[in-house]
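Per this note's numbering, the sequence shown starts with residue 5, numbered consecutively.
Beta carbons are placed, not taken as given, at the ideal position from N, Cα and C, and that holds for glycine.
Just so we're clear, the structure is a prediction, and the values are computed from it rather than from any experiment.
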Amino acid sequence: MTPWSKELVIRPGREVWIRCFGVPIHARCPGTFTSIGQQWNVVLLVEFSSRESGLLEEGRVLFSTEVIDRPLNCVFTLRVNGKDFACRVVEGYPLNTQRL
């Protein structure tokens, strides 16, 4: 922890859950979802709906970000073993959380 001083700079930010869809089944692991979340900043937690349900429908990532003026909702290309997959992330909420 850093003691307070007049020179201390506090950056605006927030913690955000994103829901990740379209990640191919063979790439669904904590490392993949961590990489996705790191596009916006520091990953705090990774959560899978699949751990309890066995459905592997989506993964969720909690991260901190300085994006405060709009919700995150985008399509991106995920490259796995040289093949591209269209994936989507949207802001959402966790089912259960487990630390990395």
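- Looking from the CA of Arg18, the closest CA among Phe37, Val71, Gln43 and Pro28 belongs to Val71.
- When the alpha-carbon of Thr36 is set against those of Pro7, Thr69 and Arg83, the nearest one is in Arg83.
- Taking 8 Å as the cut-off, the beta carbon of Val93 is found closer than this to the beta carbon of Ile40.
- Residue range Gly63 to Thr69 is occupied by the beta strand (DSSP E) that includes Ser68.
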